[in-house]
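Those sequence lines, one after another, are chains P and G.
According to numbering that gives the first Met the number 0, the stretch in the first sequence is residues 0 to 325, in order.
According to numbering that gives the first Met the number 0, the stretch in the second sequence is residues 0 to 325, in order.
Each residue gets a CB set at the ideal place from its N, CA and C atoms; glycine is no exception.
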Amino acid sequence: MPETTYREAVRDCLAAAMRQDPDVFLMGEDIAEMGGSMGVTHGLLEEFGKERVRNTPISEAAIAGAGVGAAIQGMRPVVEIMYQDFITLSMEQIVLQAAKHRYMSGGQVSVPLTVRTQGGAGWSPGAQHAEQLEAWLCHVPGLKVVYPSTPEDASGLLWSSIYDDNTVVFFEHRTLYPIKANVPEALSPIELGKARVHREGSDVTIVAIGRLVHVALQVAEQATEEGISVEVLDPRTLLPLDEDAIINSVMKTNRCVVTHEAVTRMGFGAEIAALVQEKAFDYLDAPIERVGSKFTPIPFAPVMEQYVIPHEEDVMAAVKRTVARI
Amino acid sequence: MSLPADVLIELYRVMFTIRRFEETVSGLFGEGRVPGFTHSYIGMEAVATAFCWPLRETDMMSSTHRGHGHAIAKGLDVSKLTAELYGRSTGVCGGKGGSMHFADFSRGFLGGNGIVAGGLPTAVGAALGRKLDGTDDVVVAFMGEGAVNHGVFHESLNLAAVWEVPLIAVVENNQYTQYSPYEALTAGGNISERARSYGLPEVKVDGQDIAAVYEVAQRAIQRARDGDGPSLIDVETYRFHGHHEGEEQILGVDVYRSLDEIAEQREQRDPVPLARQLAVDAGVTDGTLAAIESEVDSEVEHAVTFAEASPEPELSAALADVYADA
Ligand SMILES: Cc1ncc(C[n+]2csc(CCOP(=O)(O)OP(=O)(O)O)c2C)c(N)n1
Ligand SMILES: [Mg+2]
């Protein structure tokens, strides 16, 4: 299996889908000649031509909406929204159109659109280029939401997103693009709605998404030195959610910490905490802890940015507080 | 129009300050001394200078992601601006804004913007407010030509025209929308023509010629002050640096525009030496201009020293200003 970056994994999957299926095509800002702001679609224009790798103006509503329209008449468009902050400008088309056409029409159509976007803090982009907005999308019936944390998951999940008959919002984290892993050469799809247990443990379950999966794995490693056995679970698909995997894990460890980079309040972790208390209350030995960003926009100055977003120490502290309860 | 020598001297001072500031920032960014990312105004100095020169302190201006030049032209303190780019506590926003998102309301500077076209509707509202307040103040809104394909461009200009607010919408057409030639993305190609559809005069001007932009700016600002309504102005300009600093390191050179093209623009249409020549032609001595240049050099040098000597922000500051005090 070749070593592949997260960026290449996304690109290779897009290429594989376009090779096999003429209905798959791409739209986004500067995605053709320049391969997009993050270089993800680099080289695809050369192979697939400009009809299928389409540069758009800066028109986020129209980009998403054109995806909806192409999807309802039978194509499988993949659109790129350069930063997830800008998805706020596509929200009407995603939330009110894409997510509802099937329902409102009494099931006449489906909207097999994939909206790829990326973002995240950690490099001082400032308040309008650093947010994590996955929870906004998870609140919308009719959408699916996917957030891979590794190259192999990016590859397998993007494939399933493209071939899902629903609109999938697919989050990538900017700081993960260069990370490497072995990705099977023949694309192996990963079913949406299936969590991944990265590491088994018996004392506490960390449910982590995105960049925080890697933080959680480091915490798990450190925790062993202190005799704490941590299980790390990445739901990977946030909507629909693999509830069984999470519940089963917590029933085993009896403790749960949830972590993501988005602000803690009303974040994805709140849903996990609610789920666990609902379905595994009697198994819990400690309150569920949530670790996310402080409730502020992301400040520019590196020291302040680092202060606002969650780190290893924060997750470790939550793990220790949880384990200390008997 | 020929401008008097004393005006040319002052316009040249502003333009040269922007040039020196941006060259300095470019160097600092290259050395990794300023964090995040930053977009250079080099090559476009005449535009901000001409449109801000006639403004009073109570007039307002909204900017873009490429806003350092606008800020300097509106009279922001260069030291505080530099400190902001460093993310220091002495920055004009205490380090929370950074290159793309700083503001100085004491100078009527409504702020840069990380969102293309994001400042425009706000500028319409500010202009409405100045009008409702019974003043004859005006609001200048800068935007790149990429903004004209965003939905809010149309919404804002229509509203401004219907309500006859004192807005001057300035499209800085530097020929490229990030990495794409603007013609490829802009139907009709001619931005100034769009003015007619809002019942506004059609105005296009050579943005490298300070005298020409100055004349157009004065006329539009007077029109707004007189209560005769908004203007949309298409300014033909060019950026000499990459879309963002460090672009060449990531993308290489000669990629989406040729080195020859840039060299030709620099040789023939560099607004700073062109303005200098106008001043000389008007009888300003080389000695006078050289003295201004050396004053500016020390101002910018001092700004860097000031920024580097400034303390990092207190972490607690990151939690302040999320809400106004009730
Ligand atoms: C709504 C939105 N979409 C995309 C971007 C990313 N982006 C930042 S600058 C830019 C290009 C802007 O081009 P233009 O308006 O011509 O201004 P210029 O950079 O040439 O000054 C893009 C696409 C953004 N900041 N906001
Ligand atoms: Mg441009």
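How should residue i be labelled, buried or exposed, when 16 other C-beta atoms within 10 angstroms of its C-beta is the threshold for buried?
i: G/S1; result: exposed
i: G/Q177; result: buried
i: G/G117; result: buried
i: P/L95; result: exposed
i: P/R18; result: exposed
i: G/Q276; result: exposed
i: G/T81; result: buried
i: G/D225; result: exposed
i: P/R324; result: exposed
i: P/I287; result: buried
i: P/H138; result: exposed
i: P/F280; result: exposed
i: P/E59; result: buried
Can you name the residues that DSSP bridges to residue i?
i: P/P76; result: P/F24
i: G/M60; result: G/F108, G/V139
i: P/K143; result: P/V167
i: P/T295; result: Answer is none; P/T295 lacks a bridge partner.
i: P/T255; result: According to the sequence shown, residue 255 of chain P is Cys rather than Thr. For P/C255, which the question treats as bridged, DSSP gives the partners P/T204.
i: P/V196; result: P/L232
i: P/H172; result: P/G118
i: G/L231; result: G/A168
i: G/S179; result: G/T176
i: G/D326; result: Since the displayed chain G opens at 0 and closes at 325, residue 326 of chain G lies outside it and no answer follows.
i: P/A180; result: P/T3
i: P/R53; result: P/M26
Would residue i pass as a contact of residue j if the rule is Cβ separation under 8 Å?
i: G/L166; j: G/A194; result: no
i: P/E329; j: P/G38; result: With chain P represented from 0 up to 325, any question about residue 329 of chain P goes unanswered, as that position is not in the structure.
i: G/Y7; j: G/A281; result: One point to set straight first is that residue 7 of chain G is Leu, not Tyr, in the sequence displayed. Result yes, Cβ atoms of G/L7 and G/A281 sit closer than 8 Å.
i: P/I178; j: P/V206; result: no
i: G/D58; j: G/D136; result: yes
i: G/G97; j: P/G121; result: no
i: P/P234; j: P/I208; result: yes
i: G/H38; j: G/H243; result: yes
i: P/S159; j: P/L191; result: yes
i: P/P150; j: P/A98; result: no
i: P/T174; j: P/G226; result: no
i: P/F299; j: G/G35; result: yes
i: P/Y146; j: P/T4; result: no
i: P/C255; j: P/T204; result: yes
i: P/H172; j: P/Q117; result: yes
For residue i, which residues in the same chain have their Cβ closer than 7 Å to its Cβ, ignoring the five residues on either side in sequence?
i: P/L216; result: H197, R198, V231
i: G/V252; result: L258
i: P/A70; result: P76, V110, P111, L112
i: P/K251; result: S201
i: P/I189; result: D152, G155, L156, S159
Below 6 Å CB to CB, which residues in the same chain sit around residue i once its five sequence neighbours on both sides are set aside?
i: G/I41; result: E21, F239, H240
i: G/R268; result: Q207
i: P/E130; result: D84
i: P/V290; result: T258, P309, D313, V314, A317
i: G/L27; result: V33
Grab me the residues of residue i's own chain with a C-beta within less than 8 Å of its C-beta, minus the 5 sequence neighbours each way, in chain order.
i: G/N112; result: S61, S62, T63, H64, G66, M99, H100, G118
i: G/V170; result: M142, G143, E144, A146, V147, I190, L231, I232, D233, V234
i: P/P1; result: N181, V182, E184
i: P/I57; result: E28
i: P/E32; result: L44, N54
i: P/A193; result: One detail in the question is off: residue 193 of chain P reads as Lys in this sequence, not Ala. Once the five neighbours on either side are set aside, the close Cβ partners of P/K193 are R235, T236, D241, A244.
i: P/K278; result: E242, I246
I want to see whether chain A comes within less than 8 Å of residue i, judged by CB atoms only; does it?
i: P/Y162; result: Protein chains P and G are contained in the structure displayed, whereas chain A is not.
*What residues in the region 127-149 of chain P bring their beta carbon closer than 7 Å to a beta carbon of chain G?*
Residues of the region 127-149 of chain P with a C-beta atom less than 7 Å from some C-beta of chain G are Q127, H128, listed in chain order.
*Looking at chain P, which residues of the region 96-111 of chain G have a Cβ within less than 9 Å of any of its Cβ atoms?*
Of all residues in the region 96-111 of chain G, the ones placed with a Cβ closer than 9 Å to any Cβ belonging to chain P are G96, G97, S98, M99, H100, F101, in chain order.
*Please list the residues of the region 150-184 of chain G that have a C-beta atom closer than 8 Å to any C-beta atom in chain P, keeping them in chain order.*
From the region 150-184 of chain G, only G150, T176, Q177, Y178, S179, A183, L184 have a Cβ closer than 8 Å to chain P.
*Please list the residues of the region 298-318 of chain G that have a C-beta atom closer than 8 Å to any C-beta atom in chain P, keeping them in chain order.*
Listed by position along the chain: E311, P312, L314, A316, A317, L318.
*Could you run through the region 104-127 of chain P and flag, in chain order, every residue whose CB is less than 8 Å away from some CB of chain G?*
Correct list: W122, S123, P124, G125, A126, Q127.
*asked:* Under 7 Å, CB to CB, which of the residues in the region 124-144 of chain G have a partner in chain P?
replied: Cβ contacts with chain P: none found.
*Listed in chain order, which residues of the region 20-47 of chain G have Cβ atoms closer than 8 Å to some Cβ of chain P?*
Taking a C-beta cut-off of 8 Å against chain P, the contacting residues of the region 20-47 of chain G are P34, G35, F36, listed in chain order.
*If you measure beta-carbon to beta-carbon, which residues of the region 164-198 of chain P are closer than 9 Å to chain G?*
Flagged: no residues at all.
*Residues within the region 33-58 of chain P neighbouring chain G, beta-carbon criterion of under 7 Å*: Within the region 33-58 of chain P, contact with chain G at the beta-carbon level (separation under 7 Å) is assigned to M33, N54, P56, I57, S58.
*When you check each C-beta in the region 276-297 of chain P against every C-beta of chain G, which residues fall closer than 8 Å?*
Answer in chain order: K293, F294, T295, P296.
*Taking Cβ-Cβ distances below 7 Å as the criterion, which residues of the region 304-316 of chain P are in contact with chain G?*
Going along the region 304-316 of chain P in chain order, one finds Y306, V307 with a Cβ nearer than 7 Å to chain G.
*Residues from the region 189-204 of chain G in contact with chain P, defined by Cβ distance under 8 Å*: Correct list: empty, as no residue qualifies.
*For the region 7-29 of chain P, which residues have a CB atom closer than 8 Å to at least one CB atom of chain G, in sequence order?*
The residues in question are E28, D29.
_Along the region 257-270 of chain P, where does the CB come closer than 8 Å to a CB of chain G? Name the residues._
Result list empty, no residue passes.
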